[in-house]
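One structure is given below, encoded as structure tokens.
Protein chains: 2
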Amino acid sequence: MRIRVHVTPRKGVLDPQGQAVAHGLAQLGFDSVGEVRVGKVVDLVLDDLSSVEEALEQGRAMAQKLLANEVVEDFTVEVLD
Amino acid sequence: MRIRVHVTPRKGVLDPQGQAVAHGLAQLGFDSVGEVRVGKVVDLVLDDLSSVEEALEQGRAMAQKLLANEVVEDFTVEVLD
Numbered sequence: 001m002r003i004r005v006h007v008t009p010r011k012g013v014l015d016p017q018g019q020a021v022a023h024g025l026a027q028l029g030f031d032s033v034g035e036v037r038v039g040k041v042v043d044l045v046l047d048d049l050s051s052v053e054e055a056l057e058q059g060r061a062m063a064q065k066l067l068a069n070e071v072v073e074d075f076t077v078e079v080l081d
Numbered sequence: 082m083r084i085r086v087h088v089t090p091r092k093g094v095l096d097p098q099g100q101a102v103a104h105g106l107a108q109l110g111f112d113s114v115g116e117v118r119v120g121k122v123v124d125l126v127l128d129d130l131s132s133v134e135e136a137l138e139q140g141r142a143m144a145q146k147l148l149a150n151e152v153v154e155d156f157t158v159e160v161l162d
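Protein chains in written order, with this note's numbering: chain B, 1 to 81; chain R, 82 to 162.
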């Protein structure tokens, strides 16, 4: 089973990487670009798991313990296949 | 309109960050974790765009020019809302 964890900066938290990307895109002539937020996407293969619920639960536990810093980041977990 | 661009390491390309995450999760007792790949997710607000097609096209152009390094990274673009 494969799961995907998105880790993104929380609303209201400064995102310097996103600002740099927005600036870079504006320099390249992409005038329509407004706010940009940059986060991480973590794709994990989980072996020996039978149910979608179990995979989601493991994904949330991994995000809380290692992948995300919940003080400044939000995360979502989804099952890919 | 908001779009999301995923930038992930190409299949076959070494992903040291993913390996480090896999190792860290194993250390924490997550025994079911197999391969881990870490990429970026970029959420962008695009103003003054009317159609989904136009937004996707802009997203792909931005990925090719700035967000992704196509030698070692793949990207996908989706419209969020």
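Heads up, the beta-carbon is just placed ideally off N, CA and C, and yes, glycines get one too.
Note the first and the last residue of the continuous alpha helix (DSSP H) segment covering Q141(R).
-> Going by the sequence as given, residue 141(R) is Arg instead of Gln. Per DSSP, R141(R) belongs to the alpha helix (DSSP H) from V133 to M143.
Using DSSP with H/G/I as helix, E/B as strand and the rest coil, what is F147(R)?
-> A quick correction: the sequence has Leu, not Phe, at residue 147(R). Looking at L147(R) - three-state DSSP - the assignment turns out to be helix.
Neighbourhood of R91(R) by C-beta, 7 angstroms cutoff - its chain only, sequence neighbours within 5 removed | Closer than 7 angstroms at Cβ, skipping near neighbours: V153, E154 and D155.
Is the beta carbon of L49(B) sitting closer than 8 angstroms to the one on S131(R)?
-> Taking a C-beta distance under 8 angstroms as the contact criterion, L49(B) and S131(R) do not qualify as a contact pair.
Give a yes or no on whether 8 angstroms exceeds the smallest Cβ distance from F75(B) to chain R.
-> Not one chain R Cβ lies under 8 angstroms of F75(B).
Roughly how many angstroms lie between the CA atoms of T157(R) and H6(B), to the nearest whole one?
-> Whole-angstrom Cα-Cα distance: 15 angstroms.
Distance, R141(R) Cα to V133(R) Cα = Annotation: V133(R) to R141(R) spans about 12 angstroms, alpha carbon to alpha carbon.
Closest by CA to A20(B), which one among I84(R), V123(R), R85(R) and D162(R)?
-> Nearest Cα to A20(B) within the set I84(R), V123(R), R85(R) and D162(R): V123(R).
Identify whether V120(B) lies in helix, strand or coil by the three-state DSSP scheme.
-> An answer regarding residue 120(B) cannot be provided, because it is not within the stretch 1 to 81 covered by chain B.
Mind checking if R141(R) is an interface residue toward chain B, Cβ cutoff 8 angstroms exclusive?
-> Not an interface residue.
Euclidean distance between Cα positions of E135(R) and E159(R) | So the alpha carbons of these two residues sit roughly 12 angstroms apart.
Where does L106(R) fall in DSSP's three states?
-> It is helical.
Bridge-paired residues (DSSP) for L127(R) = BP columns for L127(R) point to V33(B).
Using only alpha-carbon positions, find the residue among L161(R), L106(R), V117(R) and K146(R) that is nearest to M1(B).
-> With distances taken between CA atoms, M1(B) lies nearest to V117(R) out of L161(R), L106(R), V117(R) and K146(R).
Starting from G120(R), find everything on chain B with Cβ-Cβ shorter than 9 angstroms and list it in chain order.
-> In chain order: K40, V41, V42 and D43.
Span of the beta strand (DSSP E), counted from its first residue to its last, around V158(R) | Residues E154 to V160.
Have a look at G29(B), I3(B), P16(B) and H23(B) and flag the residue whose alpha-carbon is nearest the alpha-carbon of Q139(R).
-> The residue with the shortest Cα to Cα distance from Q139(R) is G29(B).
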